[in-house]
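Here's the structure, in structure tokens; my notes come after.
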DNA sequence: TCTGGGGTCCTAGGACCC
DNA sequence: TCTGGGGTCCTAGGACCC
């Protein structure tokens, strides 16, 4: 038996904790560059604002409906998430943090009234963190996801489901025919694992509701669709098929990608962006104590400006040996960038991804202890650790590696002049430079 | 006219998730 | 003018092997 705890409009709820004046108002949190909606309050939802809606299309609602738009504060959301998760941990013996705003709890072996237990946890989370949640309980993870959807829908849209399921919905406590009634009220596309594409195909085949999907033959579903959908069907039927993983698995790929606020044409601007992205992914890589064997770099124009010439290309650059060093990763990404860059295009987005990721421990023994390479790696590792610590303490981007070459040297020189004019001394050969 | 029968590894692309 | 930023898994097909 599983419970799924999911925060309501998480990013917006976090902002409301620190700005209570936002309560009752339509609020959205926008993505990078204030481009599009990544979270919205109920009031904003009622205005018809969809997830992913571009800001310029809904901006008029600021004046017309008092819409409040905010830039995201991901550090705050991560911190609030930690607090919520530590409370959810008290629900069962095992916990699986599924995303920043939701977690499964394994209720197996817990005695007592599960509905009551979940209501109490929900109240505690609300009281101690200010974040409202919905809780769903089911015999499989897919059913607990569905129960969570019912709990939220019942609260948000009165009449969509029976009132007893508001905020906490426990499918395990219901007789079979009542579960089926709830499934019959649920569109097939709402089921976890059924997306737009498969949802449309199912509807075309006459499978309109969650109950219709549950009643399909699992083996036939595998033949016609995939093992993925087969698992979903079996889970709806009450057979657990999805693994419960407590450990946060090490990432197999790590990415940093951004859309630019304005079109970018110059190679130098892309180089600056790619250098920054490289530092970010390398930091994430070191945090999970891994090395990467390959670096992917991509640039692309905006598909929304389809009247402009389009260009999109990526390249995978292998590293000589697996690394988590800023300079080596940035070097590979920049070599790739030079290779795929074409002038004459208005670039809208770029990114760096790390692939072929493995544990750092495996690679460290390849070099003889005390050899020059080993000494070098040790020094670099110490430098990287120092950079990570300073950036953690003083904010991202406080310490960066300057790129080699005339531009990097000019940057270092300018910073050095500035620092010296402030009475500091800096050494010319320092690798780390403090951004004023 | 017939054109082995596996097996592995890799990659690209699709579909899904939040 | 302005359109997010991450991830995972599965499958099909090709290359290659014996």
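Numbering (this note's numbering), first residue to last: 1354 to 1789.
Idealized CB from N, CA, C, for every residue including glycine.
Just so you know, these numbers come straight off a predicted model, no measurement behind them.
Sub-8 Å separation of residue i and residue j beta-carbons
i	j	result
residue 1581	residue 1546	yes
residue 1668	residue 1689	yes
residue 1370	residue 1397	no
residue 1490	residue 1356	yes
residue 1484	residue 1607	no
residue 1537	residue 1562	yes
residue 1700	residue 1628	no
residue 1586	residue 1566	yes
residue 1432	residue 1360	no
residue 1741	residue 1597	no
residue 1428	residue 1400	no
residue 1449	residue 1442	no
residue 1404	residue 1368	no
residue 1354	residue 1482	no
residue 1551	residue 1578	yes
residue 1707	residue 1634	yes
residue 1395	residue 1509	yes
residue 1524	residue 1541	no
residue 1599	residue 1372	no
Nearest to residue i (by Cα), restricted to the options the options
i	options	result
residue 1705	1597, 1586, 1666	1666
residue 1440	1578, 1486, 1422	1486
residue 1506	1651, 1732, 1362	1362
residue 1512	1417, 1499, 1535, 1442	1535
residue 1378	1385, 1366, 1386, 1625	1366
residue 1522	1385, 1657, 1472	1472
residue 1311	1574, 1509, 1678, 1633	As shown, the chain starts at 1354 and ends at 1789. That puts residue 1311 outside it, with no answer to give.
residue 1640	1722, 1734, 1569	1734
residue 1420	1375, 1543, 1548, 1552	1375
residue 1504	1739, 1737, 1660, 1358	1358
residue 1654	1615, 1573, 1634, 1621	1615
residue 1569	1372, 1589, 1447	1589
residue 1737	1515, 1447, 1638, 1531	1638
residue 1474	1465, 1488, 1514, 1464	1488
residue 1713	1603, 1445, 1539, 1558	1603
Beta-carbon contacts of residue i that lie in its chain and below 7 Å, excluding the five residues immediately before and after
i	result
residue 1364	1382, 1391, 1392, 1425, 1430
residue 1413	none
residue 1385	1611, 1612
residue 1605	1710
residue 1623	1617, 1652, 1690, 1694, 1700, 1703
residue 1533	1564
residue 1574	1582, 1583, 1586
residue 1774	none
Own chain partners of residue i with C-beta closer than 6 Å, once the 5 adjacent residues on each side are dropped
i	result
residue 1693	1666, 1668
residue 1610	1704
residue 1686	1627, 1631, 1648, 1650, 1705
residue 1571	1583, 1586, 1587
residue 1716	Any reading at residue 1716 must be qualified, since the residue scores a pLDDT of 48, below 50, and its modelled position is unreliable; the value itself is stated next. Only 1644, 1675 meet the Cβ criterion.
residue 1501	1357, 1359, 1487, 1489
Contacting residues, own chain, Cβ-Cβ under 8 Å from residue i (five flanking each side not counted)
i	result
residue 1744	1636, 1750, 1751, 1752
residue 1676	1644, 1645, 1682
residue 1526	1467, 1468, 1490
residue 1452	none
Worksheet entry | Given 8 Å, three or more beta-carbon pairs between the region 1377-1392 and the region 1405-1416 | yes
Worksheet item: Does the region 1468-1479 come close enough to the region 1433-1444 to have 3 or more Cβ pairs within less than 8 Å?
Response: yes
Worksheet item: Would you call the region 1670-1690 and the region 1644-1659 in contact, with 3 or more CB pairs under 8 Å?
Response: yes
Practice prompt. Output the residue ranges of the alpha helix (DSSP H) runs that lie fully inside the region 1376-1407 and measure 4 residues or longer, sorted by chain position.
Written response: 1395-1399
Practice prompt. Flag this pair as touching only if the region 1574-1594 and the region 1489-1504 have three or more C-beta atom pairs under 8 Å; answer yes or no.
Written response: yes
Worksheet item: Touch check for the region 1653-1667 and the region 1726-1746: three-plus C-beta pairs under 8 Å?
Response: no
Practice prompt. Scan the region 1542-1590 and note each continuous alpha helix (DSSP H) run of 4 residues or more that stays entirely inside, going in chain order.
Written response: 1549-1557, 1563-1567, 1571-1577, 1580-1589
Item to complete: May I have a chain-ordered list of the beta strand (DSSP E) segments no shorter than 3 residues that lie completely inside the region 1474-1507?
Response: 1486-1491
Item to complete: For the region 1681-1715, list the beta strand (DSSP E) runs that are entirely contained and at least 3 residues long, ordered along the chain.
Response: 1700-1712
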